[in-house]
Amino acid sequence: MKSLSFPLIISTWDFGAEANRVAWKILMSRENPLDAVEKAINAVEKDPGVTSVGYGGIPNADGFVELDAAIMLGPNHKAGAVAGLKEIATPISVARKVMEKTNSILLVGDEALKFALRNGFKKTNLLTEKAKQEWLKRAEEGIIKRMDSSHDTIGLVLLDSKRDIYAGCSTSGLAMKTPGRVGDSCIIGAGLYVDNEIGGAAATGVGEQIMMFCGSFLVVENMRRGMSPQQACEAAIKRMISKRQKKWVGLIALDKEGQYGAASLGKEFPLAIYCKKGELIQKSKIVHNLPNLGLNMEI
Ligand code: GLY
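If you read the sequence shown in numbering that gives the first Met the number 0, its first letter stands for residue 0, the second for the next number, and so on.
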């Protein structure tokens with residue numbers, strides 16, 4: 000997968016296409032890449048049809064929607080994040096405020112909510128009737144186990160016209176997750192990472208596995224070692240498999256040259272791309288299990 004143009008925006012999943020469109024419009028009209036990332040992700044967070052992000056997101060085992068999100072900027076290597084945030088539909092915007100208004104990176108739970116309210120955010124009931132009914136059905140069927148196949152995080156990485164790199168991530172996490180469980184999407188280096196000299200990456204999938212390998216950081220470091228974004232994503236997945244960690248993970252990356260790539264473990268996922276030529280949806284490259292890999296010590 001390649002593109003040698005910029006600006007360039009890549010996002011996870013089909014709903015990433017709408018996020019990219021919003022980001023592109025902002026980039027073209029007011030050239031504010033930070034707004035572009037935030038508003039793009041807001042569009043997905045506010046869409047009740049997306050049941051794994053923001054409003055309408057999948058609740059935890061107790062029936063509460065708990066959200067994780069983070070934003071990271073290349074030019075000044077800054078970031079903000081929130082974890083386990085309830086009742087606020089746009090956690091990426093709270094993450095941005097954490098970055099801009101505090102000297103912290105990550106605020107959690109009730110204190111993150113208080114911070115959001117102090118900064119003008121309004122409480123919303125995030126549990127839609129549809130999500131509630133699905134949760135009730137699972138609860139009645141006695142499904143108290145976390146559903147690891149229910150994880151469509153929005154991860155977005157953007158290269159602007161100055162060749163600066165930005166990234167954002169937002170999710171309601173895995174369905175029926177243990178209350179208080181925090182996933183990768185709000186962890187800098189796991190759910191997202193940017194190095195303005197090299198490139199950026201974001202992740203979707205089972206957060207524990209992504210965190211155990213510092214997934215997005217690993218992808219960016221692979222690019223630093225000379226790999227293309229595609230090779231860097233594949234090598235990170237291979238690293239996971241080499242440690243016999245085979246839960247589903249998807250990774251996306253782009254570099255300073257406007258090259259991009261995506262890889263996933265065992266099952267593909269859609270990658271939405273937006274560049275001067277317009278929009279495009281491609282499938283991630285699948286990295287299969289260990290016997291097919293021809294692993295070597297470089298990985
Ligand atoms: N990647 C989202 C999560 O594990 O919660």
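Beta carbons: idealized from backbone N, C-alpha and C, even for Gly. This structure is a prediction, so every number in the text was calculated from the model and none was measured.
Compute the distance between the beta-carbons of residue i and residue j, then report whether it is under 8 Å.
{"i": "Ser215", "j": "Gly260", "result": "no"}
{"i": "Ile236", "j": "Val205", "result": "no"}
{"i": "Phe5", "j": "Arg162", "result": "yes"}
{"i": "Val181", "j": "Asp67", "result": "yes"}
{"i": "Val156", "j": "Ala202", "result": "no"}
{"i": "Met239", "j": "Gln281", "result": "no"}
{"i": "Glu44", "j": "Ser160", "result": "no"}
{"i": "Gln258", "j": "Met211", "result": "no"}
{"i": "Ile87", "j": "Thr123", "result": "yes"}
{"i": "Met98", "j": "Lys113", "result": "no"}
{"i": "Ile164", "j": "Gly108", "result": "no"}
{"i": "Ala16", "j": "Leu26", "result": "no"}
{"i": "Ser169", "j": "Ile104", "result": "no"}
{"i": "Lys85", "j": "Glu110", "result": "no"}
{"i": "Lys100", "j": "Asn118", "result": "yes"}
Please look up how many angstroms separate the CB atoms of residue i and residue j, rounded, as I've assumed it's under 8 Å.
{"i": "Leu264", "j": "Ile9", "result": "Wrong, their Cβ atoms sit about 19 Å apart, outside the cutoff."}
{"i": "Phe120", "j": "Val93", "result": "6 Å"}
{"i": "Leu250", "j": "Ala69", "result": "Incorrect: roughly 16 Å between the Cβ atoms, too far for contact."}
{"i": "Val218", "j": "Cys232", "result": "6 Å"}
{"i": "Cys213", "j": "Ala189", "result": "6 Å"}
{"i": "Gly83", "j": "Gly179", "result": "6 Å"}
{"i": "Thr152", "j": "Ser28", "result": "Wrong, their Cβ atoms sit about 27 Å apart, outside the cutoff."}
Once you ignore the five residues that flank residue i on each side, which residues in its own chain have a CB closer than 6 Å to its CB?
{"i": "Gly48", "result": "none"}
{"i": "Leu350", "result": "Nothing in the structure corresponds to residue 350, since the chain is present only between 0 and 298."}
{"i": "Tyr54", "result": "Lys45, Pro47, Ala88 and Leu125"}
{"i": "Arg308", "result": "The structure shown does not extend to residue 308, since the chain is modelled only from 0 to 298, so the question has no answer here."}
{"i": "Ala262", "result": "Cys232, Glu233, Ile236, Leu250, Ser283, Lys284 and Val286"}
{"i": "Ile272", "result": "Ile9 and Leu279"}
{"i": "Asn102", "result": "none"}
{"i": "Ala166", "result": "Met71, Val156, Leu191, Val193, Gly199 and Ala201"}
Output yes if chain B places a C-beta closer than 8 Å to the C-beta of residue i; else output no.
{"i": "Lys176", "result": "The structure shown contains no chain B, having only a single protein chain."}
Spatial neighbours of residue i within its chain, please: CB distance less than 7 Å, with the 5 preceding and 5 following residues excluded, ordered by chain position.
{"i": "Lys266", "result": "Trp247 and Ile285"}
{"i": "Pro269", "result": "Trp12, Asp13, Ile280 and Lys282"}
{"i": "Leu7", "result": "Leu158, Leu253, Gly257, Tyr259 and Cys274"}
{"i": "Leu106", "result": "Val81, Val97 and Phe114"}
Quick one: residues in its chain with C-beta nearer than 8 Å to the C-beta of residue i, no 5 flanking neighbours on either side, listed in chain order?
{"i": "Arg95", "result": "Leu33, Glu37, Ile70 and Gly79"}
{"i": "Phe63", "result": "Lys85, Leu126 and Pro178"}
{"i": "Leu116", "result": "Lys122"}
{"i": "Ala138", "result": "Gly62"}
{"i": "Lys129", "result": "Pro47, Thr50 and Gly55"}
Point to revise | Given 8 Å, three or more beta-carbon pairs between the region 170-178 and the region 52-66 | key: yes
Exercise for review: Examine the Cβ distances between the region 179-187 and the region 39-48 and report whether three or more of them are shorter than 8 Å.
Suggested key: no
Point to revise | Touch test, the region 21-31 against the region 71-88, Cβ-Cβ under 8 Å, three pairs minimum | key: no
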